[in-house]
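Written below as structure tokens is the structure these notes are about.
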Amino acid sequence: MEGYIHEPMLLILYALFYGVCRLLAFLPLRALYVLSDFLYLILRYVIGYRRKVVLENLRNSFPEKTEQERVKMMEQFYHFMGDLFVETIKMLHISEKEIRRRIHWHNPEILEDWKKKGKNIYFVAGHYGNWEWKAALEQIIPYQTVSLYHPLENRYFDRFYYRLRTQYGAEVVPSNMALRAINKYRSENQPIILFFIADQAPNNATNYWKLFLNQESSIFLGPERLARKYNAAVGFAEVRRMKRGYYEVFITPITENAAETTDYEITDRHVELLEQAIRRAPQYWLWSHRRWKRKRTATPQENPAV
174 MEGYIHEPML LILYALFYGV CRLLAFLPLR ALYVLSDFLY LILRYVIGYR RKVVLENLRN
234 SFPEKTEQER VKMMEQFYHF MGDLFVETIK MLHISEKEIR RRIHWHNPEI LEDWKKKGKN
294 IYFVAGHYGN WEWKAALEQI IPYQTVSLYH PLENRYFDRF YYRLRTQYGA EVVPSNMALR
354 AINKYRSENQ PIILFFIADQ APNNATNYWK LFLNQESSIF LGPERLARKY NAAVGFAEVR
414 RMKRGYYEVF ITPITENAAE TTDYEITDRH VELLEQAIRR APQYWLWSHR RWKRKRTATP
474 QENPAV
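Numbered as in our numbering, the sequence shown ends at 479 without a single skipped number.
Next comes the structure, spelled out in structure tokens:
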């Protein structure tokens, strides 16, 4: 976008967008959900947002379903996209009391046990449920949280999401700066929770290949490599939607001592857990993402060791 719009115009558009979002954030969620219902109609029937990508992903992932069932999944996905958009806007103006009422840990005793043992925790998650609201968990859990992310190409909207994700006290770090952030907190002897969103297609097409949603998929190995290097405790974090505007974070422990695991053990497990979550409620995953745009170019023996 920045390559086609002059800088002053881009800045004006961003200022308008941010101003409108700030005003909308003052509305209660029940009013914002009316806007979400309207957005669904736009996404589904007017612009058909990435309709071909969504349907192709659903067809390849659920070949056992009928086309009618897959179209219904697509419609449910568009409904949730509208909700996710307005819930993200609401983060600009929501109280600590309100966010505590709407998202909480289902099984916090796992965190308490790992903290007593002095463990750093690495949580792997996907673009599933409201992954933006998890930034508010800094108010709830007794850890410094650090979220890794891939900066957006548009620096203005990257700034917008950065402000949202850091306003509750979490640190947001570009993925290529992960080691620096980890070592900083290690030097301060401060335990952290490190969040990975690990369901994007990695840039290195020879990374690691595994069957995921019925398709051979290149898998990001970063969480496993770092967890084994620093012997972290690892869990899978599923942000499960209970009803409109309410979520619970379900933690599934993968290992307490990552250094004791075998190659790909952690990766295989978190990919399997994400697929289970998606199959349980497919509408809450990001089907518009071109997850399978890269094809395999290596044989299984060429996968690098962790």
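Note that CB positions come from ideal geometry on N, CA and C, so glycine has one too.
Exercise. Do the segment 444-460 and the segment 294-307 meet, that is, are 3 or more Cβ pairs less than 8 Å apart?
Worked result: Yes, the segment 444-460 touches the segment 294-307.
Problem set entry | P396 burial status per 10 Å Cβ neighbour count (16 or more: buried) | Locating residue 396 in the sequence shown gives position 223, where the first residue counts as 1. By the 10 Å Cβ count, P396 comes out buried.
For this session: Going by DSSP, name the residue or residues bridged to S360.
Result: As a first step, residue 360 must be located in the sequence shown, where it is residue number 187. For S360, which the question treats as bridged, DSSP gives no partner whatsoever.
Problem set entry | Rounded straight-line distance, which links the Cα of R359 to that of A454 | Residue mapping note: residue 454 aligns to position 281 of the sequence shown, counting from 1. Residue mapping note: residue 359 aligns to position 186 of the sequence shown, counting from 1. Approximately 38 Å between the Cα atoms of the pair.
Exercise. Who are the near neighbours of L216 in its chain, counting only those whose CB is closer than 8 Å to its CB and skipping five residues on each side?
Worked result: As a position in the sequence shown, residue 216 is number 43, starting the count at 1. If we look at L216 and ignore the five residues flanking it on each side, its Cβ neighbours are Y222, Y251, M254, G255.
Problem set entry | Rounded distance between the beta-carbons of R224 and R232, thought under 8 Å | Along the sequence shown, one-based indexing puts residue 232 at 59. Along the sequence shown, one-based indexing puts residue 224 at 51. Going by Cβ atoms, the distance from R232 to R224 rounds to 12 Å, so no, they are not a contact pair.
Exercise. If you draw a straight line from the C-alpha of E175 to the C-alpha of A371, how long is it?
Worked result: Here residue 175 is taken as the residue at index 2 of the sequence shown, counted from 1. Here residue 371 is taken as the residue at index 198 of the sequence shown, counted from 1. The predicted position of E175 is uncertain, since its pLDDT is 45 and thus under 50; a value taken from the coordinates is nonetheless stated next. If you draw a straight line from the Cα of E175 to the Cα of A371, it is about 27 Å long.
Exercise. Can you tell me the Cα-Cα spacing of I283 and G342, whole angstroms?
Worked result: For this step, residue 283 is matched to residue 110 along the sequence shown. For this step, residue 342 is matched to residue 169 along the sequence shown. Going by the C-alpha atoms only, they are around 22 Å apart.
For this session: Check whether the Cβ atoms of T261 and E305 lie closer than 8 Å to each other.
Result: Counting from 1 along the sequence shown, the entry for residue 261 is found at position 88. Counting from 1 along the sequence shown, the entry for residue 305 is found at position 132. Yes, these two residues count as a Cβ contact at 8 Å.
Problem set entry | Top-ranked residue by Cα proximity to N380, from Q373, S461, S391 | Numbered from its first residue, the sequence shown carries residue 380 at position 207. The candidate whose alpha carbon is nearest that of N380 is S391.
For this session: Give the DSSP-derived three-state secondary structure of G408 in the structure shown.
Result: The residue you call residue 408 lines up with position 235 of the sequence shown. Strand.
Exercise. Count the other CB atoms within 10 Å of the CB of G192; is the residue buried (16 or more) or exposed (fewer)?
Worked result: By one-based count along the sequence shown, residue 192 stands at place 19. By the 10 Å Cβ count, G192 comes out exposed.
Problem set entry | In DSSP terms, what W458 is bridged to | In the sequence shown, counting from the first residue as 1, residue 458 sits at position 285. According to DSSP, residue pairing for W458 in a beta bridge involves Y301.
Exercise. Quick one: complete alpha helix (DSSP H) runs, 4+ long, within the segment 208-267?
Worked result: Here the runs fully enclosed are 224-234, 240-263.
Exercise. What residue does the alpha helix (DSSP H) around H443 start on, and which one ends it?
Worked result: In the sequence shown, residue 443 corresponds to position 270, counting from 1. According to the DSSP assignment, H443 belongs to the alpha helix (DSSP H) that extends over 438-453.
Exercise. Alpha carbon to alpha carbon, how far is F369 from Y218?
Worked result: On the sequence shown, position 196 is the one that residue 369 refers to. On the sequence shown, position 45 is the one that residue 218 refers to. Annotation: F369 to Y218 spans about 34 Å, alpha carbon to alpha carbon.
Exercise. Would P477 be called buried (16 or more neighbouring beta carbons within 10 Å of its own) or exposed?
Worked result: By one-based count along the sequence shown, residue 477 stands at place 304. In this prediction, P477 scores a pLDDT of 44, lower than 50, which makes its location untrustworthy; the coordinate-derived value is nonetheless stated afterwards. P477 counts as exposed, since fewer than 16 other C-beta atoms from the protein chains shown sit within 10 angstroms of its C-beta.
For this session: Could you tell me the boundaries of the beta strand (DSSP E) in which E421 lies?
Result: Numbered from 1 along the sequence shown, position 248 holds the residue referred to as residue 421. Looking at the DSSP string, the run of the beta strand (DSSP E) that includes E421 is 419-428.
Exercise. What is the DSSP secondary structure of R469, reduced to helix, strand or coil?
Worked result: Translated into the one-based positions of the sequence shown, residue 469 becomes position 296. When DSSP states are grouped into helix, strand and coil, R469 belongs to the coil group.
Problem set entry | Closest Cα partner of R442 within the set F393, T318, E421, Y206 | Here residue 442 corresponds to residue number 269 of the sequence shown, with the count starting at 1. Between R442 and the set F393, T318, E421, Y206, the nearest pair of CA atoms involves F393.
Exercise. Looking only at C-alpha atoms, which of E438, Y457, R401 sits nearest to G418?
Worked result: Here residue 418 refers to the residue found at position 245 when the sequence shown is read from its first residue. When each option's Cα is compared against that of G418, the closest is Y457.
Exercise. Do the segment 261-278 and the segment 198-215 meet, that is, are 3 or more Cβ pairs less than 8 Å apart?
Worked result: In this structure the segment 261-278 touches the segment 198-215; the number of beta carbon pairs closer than 8 Å is three or more.
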